[in-house]
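The listed protein sequences correspond, in order, to chains D and L.
Note that the first sequence covers residues 564 to 668 in this note's numbering.
Note that the second sequence covers residues -1 to 709 in this note's numbering.
Idealized CB from N, CA, C, for every residue including glycine.
Structure record follows, encoded as structure tokens.
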Amino acid sequence: MESMLHITTLHYLVLGAALFLLGVIGVLTRRNVVIVLMSIELILNAVNLNLVAFSRMWGGLHGQVFAIFIITDAAAEAAVGLGILIAFFRNKETVNIDEVNLLKW
Amino acid sequence: MFFLSHIWLIPLLPAFGATIMFFFGRRLQKATVSAVCVGMIVLAFLMACGAVWQYSAWSSMPEHYHQPYQTILYTWLGTDTGQMNYATYGGSTAAFQADAGFLLDPLSSIWLLFVTGVGMLIHIYSTGYMAHEGGYYRFFGYLNLFMFSMLTLILANNYVMLFVGWEGVGLCSYLLIGFYFHRKSASDAAAKAFIVNRIGDAGFLLGMFFVAWYFGSLRFTDVTHIAHSGRFAIGDPIITAATLLLFVGACGKSAQLPLYVWLPDAMEGPTPVSALIHAATMVTAGVYMVARSNALFVLAPKSMLVVAIVGGLTAIFAASIGLVQNDIKRVLAYSTVSQLGYMFLALGVGAFAAGVFHVFTHAFFKALLFLGAGSVIHSMSGEQDMRNMGDLGHRIPTTHATMFIATLAIAGIFPFAGFFSKDAILWETWSREGGAYRFLWYIGYATALMTAFYMFRLMYLTFHGRPRMSHEVEHHIHESPISMTAPLVTLALCAIVAGWLGWPNSLGGSDRFTKFLEPVFASEAQVLEYEGHAGQLAAGEKEEEHNTSTEWLLMGLSLAAAGVGWGMAWRSYRHADKDYAEPIAVAAPPVYNVLLHKYYVDEGYDYVFTGRRKLGDVRLGVLGLGEASAWIDSHVIDAAVNDVGWITRLTATISSWWDKWIIDGIGVNGPAILARMLSYPARLFEWGLVQWYALVMTAGLVGFLLYYVYH
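Shown next as structure tokens:
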């Protein structure tokens, strides 16, 4: 039982995969761009979780450094994404991603 | 030998006068103009007399006995470098060369004397006649220029320089016929004279080329020398062609059939011009040229026969027209044509001396007749129609008397000048064996009768009968000033005595005129004799006794003809009143009409040569040629041009179609269209929804994962 209570790497990976799935489903299904961005953050954090879990498993710090980089990168990406969103809203008066279909022939 | 060695001064004097008139004439007084121009001619005349006098002394020296005097100033055309060499007949080369050279021999002496002499008198006469006319200096400038050209023609020592003078007198003739250029008829007549003369000149030029090619020289002395050398047979076809062509030139200048038509129209010029150029001097240039080429002509008997026939026919043709003309100057013009015909008849029968003799006497009496007619016109306030004259005899007695003398001379009444020269011609014609010559004698004889008739008709209509002019004109009738009558009297004296120079042997004379010309024509007489005909000079000595009685008989006959003509005119016209009847019109109206219309020759020429009249629907002649050319231009040349244009346009249409549909359509647009067509299915993959793209990516990712997991 003790081994059952012990939190192994696999648990982290399952949680990471669950978060990743949630993020992917959010990105693919939600129409509000803000929520899509939030879902992307979920995906990124799922990856972070994996990196940190593997870092703990191997006892190194490389994975954690990577996670810090990704968090920084996600912050920058959110800033850019929200900037585009505001510019888009000013033009279209909507944040609905369905109505952003100009990227075609 | 000053005059002889400075003979080139004679033509240059009038040239100098003409130059002064050309540059300064406008600003000069009439008196100055007269002084300069008449002075130049007087000087030229004196120099001519001096030159001839010195020549006769020179040529009687034993070392150049009977030689022509030749002085060459410089080589005018041609070089020593051989650049102008040409191949002559027979293959040798000759250098084309024409000198500025002057030749004086008995033949040119005679022309020189009467041209300067008569020219001088006519210049003096013109000072009176033209006194009230505009363009006085222009008139005298042209006259002097004419004298320069005529003297160049006479004194030239080669054909080229003769041709220069020939063209020069043609130009002056044109300028002076068209002197009253504001009158359409005058400028037309001038153009007609110029153009008809060009036809003759073309023949002359071709003849000249033949001579240059055949003889290798254009110098008269060389040509004569070669012709005498016996190198060429009598009847040589090339010489025949050359002489015929030269004669075409003579026909143009000397108004022979069929080129005589310009001369009657030339009467549009002032009367002194008619006297000087179109009676006494210029029109005899053709006779001069033929006489100058006598050595060639005797080698071409066929040409001689042509000359004789043309001369004879012209004589009677023109005389018959003269019978009925009413314009006093036109009668004289046709008379001139007729007399020129006599001269050519003489040349054609080989009687060169007789022909030249007639030129000489004719110069005096015909100039006198024209000047007299001018005086009549002057007194009649410009009237030229004889129907409106009459009874002038006692009002202008000097003119009447002098003209009467001239009429006696031209009619051939003994012992006036025309009698001797005309009888010499008729006698020589009679002396030649052969039917053609006998026929020509009949023609000449009939012409003599006609001449007497039309001349006395002119005299009676003008000076006798009832006055038929208007009262105003009658009131103004006056004798001409002394400047006009003095030349008349002088010429009248010449018209009496000029013939005595050729007083024939048969009448106890010595025929000094023929003797004077012997150095020029003697050897030709031998050639003629060799041909088997009685040459003019040889005949006299050989068969003198036999012939003298015949000659007397012929003289009597021609005197009778002149008398009959005179009598007929006297009977018909001496009482001519306003409604006088023309005897020919009474006897044979159709004949009269034909004669009055000059045989419709001008009309015929308009139909055939000028094309001013249409023959049915067809236009012939020059204008016809023009029309035909215009038709060919518009229907053939332009059509070809248009066809070429049409073909070009067709090609352009085809290539533009090809470019548009094949090159652009298939080559350029084709791939583009293809690419576009291919793009239709491709673009279906893009519909713009970002989430779809993400889904596809995810699906693909999942697909790959599954593939790797379960593979």
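Between which residues of its own chain and residue i is the CB-CB distance below 8 Å, once the five residues before and five after are set aside?
i, result
"Leu614 (chain D)", "Gly626, Gln627, Phe629, Ala630 and Ile633"
"Val50 (chain L)", "Leu102, Ser107, Leu110 and Leu111"
"Val590 (chain D)", "Val599, Ser602, Ile603 and Ile606"
"Pro395 (chain L)", "Glu477"
"Ser252 (chain L)", "Val281, Thr282, Ala283, Gly284, Val285, Leu338, Met341 and Phe342"
Using a 10 Å radius around the Cβ and a threshold of 16 neighbouring Cβ atoms, would you call residue i buried or exposed?
i, result
"Gln27 (chain L)", "exposed"
"Pro502 (chain L)", "buried"
"Asn156 (chain L)", "buried"
"Leu699 (chain L)", "exposed"
"Leu292 (chain L)", "This sequence places Asn at residue 292 (chain L); Leu is not what is there. The residue is buried, with at least 16 neighbouring Cβ atoms inside 10 Å."
"Gly442 (chain L)", "buried"
"Ile660 (chain D)", "buried"
"Thr635 (chain D)", "exposed"
"Tyr708 (chain L)", "exposed"
"Ile661 (chain L)", "exposed"
"Gly579 (chain D)", "buried"
"Phe144 (chain L)", "buried"
"Gln81 (chain L)", "exposed"
"Tyr172 (chain L)", "buried"
Using DSSP with H/G/I as helix, E/B as strand and the rest coil, what is residue i?
i, result
"Val246 (chain L)", "helix"
"Val666 (chain L)", "helix"
"Arg217 (chain L)", "strand"
"Asp575 (chain L)", "coil"
"Val616 (chain L)", "strand"
"Asp325 (chain L)", "strand"
"Glu541 (chain L)", "Low confidence applies here, because Glu541 (chain L) scores a pLDDT of 47, under 50, leaving its location unreliable; read the following figure in that light. If DSSP states are grouped into helix, strand and coil, Glu541 (chain L) belongs with coil."
"Thr449 (chain L)", "helix"
"Leu75 (chain L)", "strand"
"Met564 (chain D)", "With a pLDDT of 47 at Met564 (chain D), under the threshold of 50, the modelled position of that residue is not reliable, and no figure is offered here."
"Asp234 (chain L)", "coil"
"Val347 (chain L)", "coil"
"His180 (chain L)", "coil"
"Ser252 (chain L)", "coil"
"Asn664 (chain D)", "coil"
"Gly168 (chain L)", "helix"
"Tyr706 (chain L)", "helix"
"Pro413 (chain L)", "coil"
"Phe137 (chain L)", "helix"
"Pro465 (chain L)", "coil"
"Gly686 (chain L)", "coil"
Sort out for me which residues DSSP pairs residue i with in a bridge.
i, result
"Asn155 (chain L)", "According to DSSP, which records beta bridges pairwise, Asn155 (chain L) is partnered with nothing at all."
"Gln68 (chain L)", "L:Leu101"
"Ala92 (chain L)", "L:Tyr84"
"Asn659 (chain D)", "D:Asn595"
Starting from the C-beta of residue i, find all residues in its chain whose C-beta is less than 6 Å away, skip the five residues before and the five after it, and write them out in chain order.
i, result
"Arg611 (chain L)", "Asp604 and Tyr605"
"Ser185 (chain L)", "Gly176 and Phe179"
"Thr282 (chain L)", "Val357"
"Pro66 (chain L)", "Leu101 and Asp103"
"Val116 (chain L)", "Ala278, Ala361 and Ala365"
"Lys596 (chain L)", "Ile319"
"Gly287 (chain L)", "One detail in the question is off: residue 287 (chain L) reads as Met in this sequence, not Gly. These residues qualify, in order along the chain: Ala248."
"Gly729 (chain L)", "This structure cannot speak to residue 729 (chain L), because chain L is shown only from -1 to 709."
"Gln337 (chain L)", "His360"
"Met118 (chain L)", "Ile39, Val40 and Phe43"
"Lys404 (chain L)", "Note on identity: in this sequence residue 404 (chain L) is Ala, with Lys being the wrong assignment. For Ala404 (chain L), where only same-chain residues beyond five positions count, the Cβ hits under 6 Å are Phe363, Leu366, Leu367 and Ala493."
"Ala210 (chain L)", "Leu216"
What residues in its chain sit with their C-beta under 7 Å from that of residue i, if we drop five residues either side in the sequence?
i, result
"Ala96 (chain L)", "Trp74, Leu75, Gly76, Asn156, Val158, Met159 and Leu216"
"Arg572 (chain L)", "Tyr458, His462 and Gly463"
"Val322 (chain L)", "Glu580, Ile582, Tyr590, Leu593 and Leu594"
"Ala289 (chain L)", "Leu105, Leu345, Phe350, Gly353 and Val354"
"Ile224 (chain L)", "Phe213"
"Leu7 (chain L)", "Met45"
Next on the checklist: Runs of 3 residues minimum, wholly inside the stretch 349 to 398 of chain L: which ones carry the beta strand (DSSP E) assignment?
Outcome noted: none
Checklist entry - At what residue ranges does the stretch 256 to 297 of chain L contain a whole run of the beta strand (DSSP E), taking only runs of 3 or more? => result none
Item to check | Length at least 4, wholly inside the stretch 476 to 532 of chain L: the alpha helix (DSSP H) runs in chain order | outcome: 480 to 495 and 510 to 528
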